[in-house]
Amino acid sequence: DTDLYEMFYLNRMKEDAASQGRDYSRPSYRRFVLPLHSDKSSAVGENLVKLTYTTASAVKEKEGKLTCQAEVLCGDSELPRINYDFNGKKHQFVYGNIVEKSASTKQIAKFDTETKTMLHWEETNYCPSEGVFVPRPNGESEDDGVVLSSVINSNPGQPGFLLVLDGRTFKEVARAYVNTELHKDVHGLFIPHGSNR
Numbered sequence: 001d002t003d004l005y006e007m008f009y010l011n012r013m014k015e016d017a018a019s020q021g022r023d024y025s026r027p028s029y030r031r032f033v034l035p036l037h038s039d040k041s042s043a044v045g046e047n048l049v050k051l052t053y054t055t056a057s058a059v060k061e062k063e064g065k066l067t068c069q070a071e072v073l074c075g076d077s078e079l080p081r082i083n084y085d086f087n088g089k090k091h092q093f094v095y096g097n098i099v100e101k102s103a104s105t106k107q108i109a110k111f112d113t114e115t116k117t118m119l120h121w122e123e124t125n126y127c128p129s130e131g132v133f134v135p136r137p138n139g140e141s142e143d144d145g146v147v148l149s150s151v152i153n154s155n156p157g158q159p160g161f162l163l164v165l166d167g168r169t170f171k172e173v174a175r176a177y178v179n180t181e182l183h184k185d186v187h188g189l190f191i192p193h194g195s196n197r
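Quick note on UniProt numbering: the sequence shown kicks off at 1 and runs consecutively.
Next up, the structure:
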């Protein structure tokens, strides 16, 4: 089945999926909480998640099994990324793409998991790729840095560009146009100069 690849063709990205009779799986950014240690004295039916900042649950069932329910933090979101310095740790900010009515992303967004608020960048006829957070050396906060995204123009023959957004305010800092056609990329990577990655 080539549907996954075909949905990234330029003509398909410009379409509204619903008006074309196609249905895509609606992605969302979710938080699961998995208790690493369960109290054997917990009652069946008890929610073992005691965290105050989430509605996610892990309910004890018979025979020690758990039924986990996620907290949906942001609907219609795809390709979530964080400041990788916070990987495996509690983080507040998530950068991702917003998918509405089609398989194409027309917005790139910053989502605050504590306040449940979102900032976004969008421009007519442009489709941003997955954002990559690049922390500022010696940054002072989790969102102190920039978000990079390659952006394609949905009009054939028109240039795309590398978009640079401020990680805190999500305002555009710069764009670098390229004299070649870009493709929609997924799972980009930033490698700092002098890195041994």
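From the three backbone atoms N, C-alpha and C, an ideal C-beta is built for every residue, glycine too.
Exercise. Between the Cα of Gln-92 and the Cα atoms of Val-99, Ile-82 and His-37, which residue gives the shortest distance?
Worked result: Ile-82
Exercise. Nearest to Thr-67 by alpha carbon, out of Glu-46, Leu-51 and Asp-39?
Worked result: Glu-46
Exercise. Is the beta carbon of Ser-28 sitting closer than 7 Å to the one on Gly-75?
Worked result: yes
Problem set entry | Boundaries of the beta strand (DSSP E) in which Phe-93 is found, first to last residue | 93-99
Exercise. Thinking C-alpha only, which one of Gly-157, Tyr-177 and Met-118 is nearest Lys-171?
Worked result: Met-118
Exercise. Going by beta carbon distance, what residues of the same chain come within less than 7 Å of Gly-167, once the five residues before and after it are set aside?
Worked result: Phe-133, Asp-143, Asp-144, Gly-145, Val-146 and Val-147
For this session: Indicate the three-state DSSP secondary structure (helix, strand or coil) for Asp-85 in the structure shown.
Result: helix
Problem set entry | Residues sharing a beta bridge with Glu-78, DSSP | Asn-97
Problem set entry | DSSP bridge partner residues for Asp-166 (one or two, in chain order) | Val-146
Exercise. Does the distance from the CB of Gly-131 to the CB of Tyr-95 come in under 7 Å?
Worked result: yes
Exercise. Do you know whose CA, among Ile-191, Val-151, Leu-162 and Asp-112, lies nearest Thr-124's CA?
Worked result: Val-151
Problem set entry | When Cys-127, Glu-63, Ala-58 and Phe-32 are compared against Ile-98, the one with the closest alpha-carbon | Cys-127
Exercise. Going by alpha carbons, who is nearest to Ala-109 out of Lys-60, Ser-77, Val-164 and Phe-86?
Worked result: Ser-77
For this session: Enumerate in chain order the residues of its own chain whose CB-to-CB distance from Glu-71 is below 7 Å, with the five nearest sequence positions on each side excluded.
Result: Arg-30, Arg-31, Thr-54, Thr-55 and Ala-56
Problem set entry | Residue(s) in a DSSP beta bridge with Glu-71 | Arg-31
Exercise. When the Cα of Arg-26 is compared with those of Leu-79, Asn-138, Tyr-84 and Phe-86, which residue comes out closest?
Worked result: Leu-79
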